[in-house]
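A quick write-up on the structure given underneath.
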Amino acid sequence: MPTVDIDPDELRDLTGREEKGDEELKDDLFGLGLEFEGLTEDGAFELEFAPDRLDRLSVEGVARSLRYHYGDARGLHVPSTNDADWTIEVDESVPDERPYVTGAIVRDIDLDEDSLDSLIQLQEKLHATMGRKRAKGAIGIHDLTMLKGSPATEGNPTIEYVGVEPDGDRFVPLDSDQELTPAEVLEEHPTGRTYADLVADYERYPAIYDDLGLFSFPPVINGRRTEVSADSRDLLVEMTGTDQWTIDKMLNIVCYALAGRGATLEAVTVEYADGEIVRPDFSTKTKTVAHDRIETILGIGLDPDEVIDLAERSGLEAERAEDDEGDLVYEVTIPPYRVDVLHPLDVIDDLGRAYGFNDLEPTYPDVGTVGGRHERSRLERAARTQLVGLGFEDMLNFHMINEAENYERVDLKQGTDAYGAGEPTTIKEVYSEDYTMLRTWTLPSLLMVLERNTHRSYPQYLSEIGFTARLDESENTGVGENRHVGAVLASHDAGYEDAKARLQALCRQFDVDLETPPTDHPTFIDGRTAAVVVDGEEVGVIGEVHPKVLVEHDLEVPVAAFEFDLEALQ
Amino acid sequence: MQLPAQQVAVLEAASADEATSVDALAEATDLPPETVTGAAFELESDGLVAVEERVDETVALTDEGAEYADESLPEVRLYEAALEADADDDSAQMGPVIGASGLEGPQVDIALSNYARKGYGAIDSGEITADPDADPGADAEANALEALADAGDAPVESVDVDDDTLEQLERRGLLERTESTVRAVTLTERAVTELMAGIETAETVGQVTPELLTSGEWESVEFAEYNVEADAEAVESGKVHILRQMSERVKDVLVGMGFQEMDGPHVDADFWINDCLFMPQDHPARTHWDRFAMEQPTHIDELPADLVEDVERVHREGLGEDSEGYHSPWDEDFARALALRGHTTSLSTRHLSGEQIGEIEPPARFFSIEKAYRNDTLDATHLLEFYQIEGWVMAEDLSVRDLMGTFEEFYAQFGIENIQFKPHYNPYTEPSFELFGTHPTTGELIEIGNSGIFREEMLEPLGVDCDVMAWGLALERLAMLTTGAEDIRDLHGTLADLEFLRNAEVTY
């Protein structure tokens with residue numbers, strides 16, 4: 000789960016609740032769904048957050064939520080925005096893959112090192128979440144005083160979002176003192192290398208220019224010229240991305256945070272080829288929420304005034320209305336920083352949180368149903384019970400294995416007719432070379448367990464009723480999945496007959512007919528190997544494991560084994 | 000005839016002429032008295048001896064009685080002190096007389112209560128008089144004490160004390176009677192005949208054999224005694240794997256609560272694993288970091304076309320006017336890609352859609368305890384493969400209170416009480432809760448699952464028009480909580496230590 004670092008002193012300062020002790024704050028934060036994970040080196044709270052309330056990724060956002068929680072703030076709040084002065088002009092050279100841009104001007108911000116860190120953290124956390132590691136949306140924040148916009152229209156300063164040649168203009172990126180082209184940044188700069196994949200397929204690279212030249216190379220890095228410091232007073236916030244809604248919401252979250260710190264917001268005009276928009280977009284959305292649905296979801300009766308009160312305590316605004324059938328509904332207004340309200344149910348969740356879910360009395364639903372197990376699950380249980388009765392230790396091995404264990408170490412060639420030699424279903428990006436495919440049979444897993452327990456007392460009789468898989472074009476998924484019954488008998492005198500005796504007993508319990516005609520299988524000794532034929536159908540193999548395989552597994556005792564399809568017992 | 004050695008010894012030590020006590024026989028045979036008694040009864044049931052029983056009564060002084068035998072009775076001492084104070088002439092003050100008698104504590108009361116009874120004098124208003132004719136030398140109780148002190152633990156009939164006095168002393172707690180059963184053995188005529196004919200000692204037998212049973216020989220043999228306290232050979236019994244036992248227990252609980260079990264593919268299309276759950280295609284959990292995507296095979300052949308259309312519509316546009324979809328791309332090819340299921344919720348989507356077992360009508364409860372795969376770090380608490388307990392309830396108008404009540408009931412079966420519901424976020428449930436419970440042994444508050452009410456955006460395309468609430472947790476986590484296991488790798492996988500599994504306590 001992602002975490003966010005929040006300075007408790009800042010939190011007390013921004014909420015005006017100086018009297019709150021650390022423990023009390025932690026409890027209040029848990030109530031918001033922010034779980035305390037520990038303290039950072041600087042004494043800040045490390046809080047685990049659920050990735051829905053992205054407006055709480057900054058100390059300002061958490062403070063805002065706490066103020067609602069405490070009842071110090073109520074209802075909807077939309078900060079005022081001064082009219083646009085600056086314009087971002089979108090040139091037609093902008094790469095098709097990243098056509099969208101948004102932005103805002105923030106004036107008279109009072110930053111210090113701590114609040115600057117908080118701003119940078121917000122930017123990073125938004126990149127990691129909504130921004131999908133900058134692929135969907137990337138944020139650039141600049142010191143406005145370092146920008147020079149030429150007045151293109153009506154005397155307004157203008158900057159340009161364009162597409163540039165990879166080896167076109169040079170600029171000095173952050174954390175560097177060299178002038179580099181965008182292509183050079185991707186090769187030479189550490190941040191450039193990190194994000195190079197995002198623009199790898201672009202013909203032209205995204206760039207933002209002012210009169211003095213290139214100052215931002217989204218989504219990779221900003222130029223050093225406009226770097227923000229604690230002394231910066233006026234900022235340009237710009238965002239580029241693959242979806243206008245996403246970057247506009249990210250911008251709203253940043254603007255709300257800075258306004259919460261006392262800054263003045265000023266709009267920016269974005270000029271696309273097909274028309275212009277003014278940002279930030281602080282328009283609100285309304286959801287119609289049925290009173291009846293609120294009551295059935297929460298399981299309690301509520302007075303309409305109570306519902307309106309709960310909405311206001313959640314930072315929403317609710318008004319009574321009627322739907323077409325004349326039933327009571329609420330028109331609920333959602334503030335522009337909320338990105339998680341997709342459906343009326345999300346509003347009901349807010350109301351429940353404000354009410355306090357843990358204050359609800361649990362009830363056992365008065366609904367009668369008949370329980371039961373799946374047939375396969377019952378078959379597995381019955382077979383397992385019989386195997387245990389025959390003295391086998393029941394095993395539970397991983398379904399993932401690698402080719403070496405599954406085939407080579409048991410001397411099996413994949414794709415041959417031998418039992419267990421089916422074609423592997425393989426995993427694309429493996430966690431480790433030990434787990435690259437799903438096992439085609441259980442014997443390799445059982446031999447691995449024997450291999451790791453040679454220091455334990457014998458006899459070791461192990462069995463497993465386990466999942467196996469192989470390629471099978473006749474299946475919709477292309478994977479044939481079934482359960483095998485696998486068993487190994489390892490002791491100083493284990494032999495074919497010991498295995499057969501137990502297999503016979505098992506088949507008798509299930510009233511199926513067993514035959515064991517001789518066969519060849521590379522894992523077993525020739526002349527001591529048989530096919531397991533149940534009710535006339537070949538379903539497995541039984542024999543004494545070949546010394547070559549035993550030695551490969553560092554075993555110094557003979558091993559007899561059998562394995563067959565569980566379904567055969569049905 | 001053949002008899003066990005002990006019975007032979009008893010027969011040889013006993014006599015036909017007079018009864019021999021068990022103690023005497025024990026001494027003669029060098030056997031413990033209880034063995035002799037056992038043998039005697041065996042012989043009696045064979046008609047070889049007669050066993051007489053008599054109850055012997057013995058009397059003995061208690062500690063207090065012995066003390067008075069030594070120092071004379073308190074009332075006698077009081078009388079002697081009274082005579083000293085010339086109380087035979089005229090009454091004397093009690094205090095000085097008691098002081099002079101040397102009586103202390105409870106003895107004073109004892110002396111006073113017996114003084115008048117036995118005619119030593121009178122006590123009235125703090126004055127004491129002594130009868131000059133009284134004779135302590137004729138005090139029957141005092142004499143009896145003396146006699147008993149000499150006799151020690153004596154049969155009652157051998158003591159020269161009348162019954163009334165004995166009773167009086169017993170009432171005063173100066174004397175104790177003890178009853179004991181004494182057995183004595185006399186040979187019968189038959190025994191004498193058999194002895195003359197000769198009785199052999201039967202051999203002891205180590206093992207009960209088929210021959211012993213069929214021949215009837217078992218009746219006359221003696222079984223050698225074993226050291227029944229010694230350690231026996233270690234036996235490795237087969238055992239159901241401890242995690243399976245836990246799974247069986249959870250299944251029992253869920254079936255008991257009316258849940259039906261689900262089954263379905265491990266390798267499945269992302270469509271069933273994620274898209275049907277209203278998980279946006281660019282959700283971080285769907286990137287390659289968490290997911291085991293399949294290299295071979297790559298895509299599912301067929302998906303239900305109508306369902307694909309409905310799922311895509313809801314992802315893009317949401318449900319009706321008041322709902323928004325995701326501002327994320329949606330691509331059918333991406334949905335058809337195969338992966339090892341990251342959660343068994345894919346079984347729930349397959350069942351809810353009607354794809355797996357046909358349409359399901361409310362009310363219904365379903366569960367599975369099946370494997371899920373997660374490309375996470377492998378350590379003491381995380382495995383790449385784990386068993387997920389997944390359950391859902393489908394009914395009209397379910398509330399979060401129903402959800403809370405169901406889970407409280409479920410966890411209570413495992414001793415986990417005081418469930419806390421922390422509001423949480425899942426893309427496919429709303430409201431959502433992380434479940435916290437009190438650890439059954441440490442008392443800590445620990446996370447025990449994730450739950451919620453499925454979103455309408457998820458249910459509508461699946462064709463479900465009532466409420467469904469669901470929850471999930473890892474079986475391994477529940478097992479670690481209830482068994483105290485600390486490393487999950489001991490429980491599960493080819494790294495398993497046989498010794499650990501053999502020694503693991505069973506779950507029921």
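Top to bottom, those sequences are chains A and B. Number 397 in numbering that gives the first Met the number 0 belongs to position 398 of the first sequence; there are no gaps in the numbering. Number 307 in numbering that gives the first Met the number 0 belongs to position 308 of the second sequence; there are no gaps in the numbering. In this text, a Cβ means the ideal position worked out from N, Cα and C, and glycines have one as well.
Buried or exposed, going by whether 16 or more other CB atoms sit within 10 Å of the CB of residue i?
{"i": "I122 (chain B)", "result": "buried"}
{"i": "M436 (chain A)", "result": "buried"}
{"i": "Q569 (chain A)", "result": "exposed"}
{"i": "T476 (chain A)", "result": "buried"}
{"i": "L38 (chain A)", "result": "exposed"}
{"i": "I307 (chain A)", "result": "buried"}
{"i": "I119 (chain A)", "result": "exposed"}
{"i": "Q6 (chain B)", "result": "buried"}
{"i": "N401 (chain A)", "result": "buried"}
{"i": "L186 (chain B)", "result": "buried"}
{"i": "H126 (chain A)", "result": "buried"}
{"i": "N81 (chain A)", "result": "exposed"}
Please check if any C-beta of chain A sits within less than 8 Å of the C-beta of residue i.
{"i": "P460 (chain B)", "result": "no"}
{"i": "I272 (chain B)", "result": "no"}
{"i": "Y410 (chain B)", "result": "no"}
{"i": "F258 (chain B)", "result": "yes"}
{"i": "M403 (chain B)", "result": "yes"}
{"i": "L346 (chain B)", "result": "no"}
So residue i is in the beta strand (DSSP E); what residue range does that whole segment cover?
{"i": "M238 (chain A)", "result": "L234 to G240"}
{"i": "A500 (chain A)", "result": "Not the beta strand (DSSP E): A500 (chain A) falls in the alpha helix (DSSP H), residues Y495 to Q508."}
{"i": "D209 (chain A)", "result": "Y204 to D209"}
{"i": "I213 (chain A)", "result": "Correcting the residue type first, residue 213 (chain A) is Leu in the shown sequence and not Ile. Segment G212 to F216, the beta strand (DSSP E) holding L213 (chain A)."}
{"i": "A156 (chain A)", "result": "Here the sequence assigns Pro to residue 156 (chain A), which means Ala is not the residue at that position. That run of the beta strand (DSSP E) goes N155 to V163."}
{"i": "R116 (chain B)", "result": "Note, R116 (chain B): premise wrong, no beta strand (DSSP E); not H, not E."}
{"i": "V54 (chain B)", "result": "V48 to L60"}
{"i": "Q387 (chain B)", "result": "E384 to A394"}
{"i": "S367 (chain B)", "result": "A363 to Y372"}
Taking CB distances under 8 Å as the criterion, tell me whether residue i reaches chain B.
{"i": "F35 (chain A)", "result": "no"}
{"i": "V448 (chain A)", "result": "yes"}
{"i": "K499 (chain A)", "result": "no"}
{"i": "F44 (chain A)", "result": "no"}
{"i": "F509 (chain A)", "result": "no"}
{"i": "E555 (chain A)", "result": "no"}
{"i": "V310 (chain A)", "result": "Looking at the sequence provided, one finds Ala at residue 310 (chain A) rather than Val. No, A310 (chain A) lies away from the interface with chain B (no Cβ there is under 8 Å from its Cβ)."}
{"i": "W440 (chain A)", "result": "no"}
{"i": "V387 (chain A)", "result": "yes"}
Terminal residues of the continuous alpha helix (DSSP H) containing residue i?
{"i": "Y78 (chain B)", "result": "P73 to E83"}
{"i": "N449 (chain B)", "result": "Unbroken run through N449 (chain B) is the beta strand (DSSP E), L444 to F453; no alpha helix (DSSP H)."}
{"i": "S214 (chain B)", "result": "P209 to S214"}
{"i": "M447 (chain A)", "result": "L442 to E450"}
{"i": "Y67 (chain A)", "result": "V58 to Y69"}
{"i": "K250 (chain B)", "result": "I241 to G255"}
{"i": "S132 (chain A)", "result": "As written in the sequence, residue 132 (chain A) is Lys, which differs from the Ser given in the question. From DSSP, K132 (chain A) is part of no alpha helix (DSSP H); its letter is neither H nor E."}
{"i": "Y271 (chain A)", "result": "Element bounds for Y271 (chain A): not the alpha helix (DSSP H) but the beta strand (DSSP E), V267 to Y271."}
{"i": "M195 (chain B)", "result": "E188 to A196"}
Just to make sure I have the definition right: I need the residues of chain D whose C-beta is within less than 7 Å of the C-beta of residue i. Which are they?
{"i": "A394 (chain B)", "result": "Considering every chain present, this structure includes no chain D. Its protein chains are A and B."}
Name the residues in the segment 343-375 of chain A whose C-beta lies less than 8 Å from a C-beta of chain B; which are they?
P343, L344, D345, I347, D348, G351, R352, F356, N357, L359, E360, P361, T362, Y363, P364, V366, G367, T368, V369, G370, G371, R372, H373 and R375
Members of the segment 281-306 of chain B near chain A, C-beta cut-off 7 Å
D281, H287, F291, A292, M293, E294, Q295, P296, I299, D300 and E301
Please confirm if the segment 162-178 of chain B is in contact with the segment 139-151 of chain B, defined as three or more CB-CB distances below 8 Å between the two stretches.
yes
With a threshold of 8 Å, are at least 3 pairs of Cβ atoms found where one atom belongs to the segment 225-237 of chain A and the other to the segment 126-142 of chain A?
yes
Taking Cβ-Cβ distances below 9 Å as the criterion, which residues of the segment 415-436 of chain B are in contact with chain A?
I418, Q419, F420, K421, P422, H423, Y424, N425, P426, E429, P430, S431, F432 and E433
Near-chain B residues of the segment 389-405 of chain A (beta-carbon distance less than 9 Å), N- to C-terminal order:
L389, G390, F391, E392, D393, M394, L395, N396, F397, H398, M399, I400 and E404
With 7 Å as the limit, tell me which residues of the segment 470-498 of chain A have their beta carbon closer than that to any beta carbon of chain B; keep them in chain order.
L470, N475, T476, G477, V478 and E480
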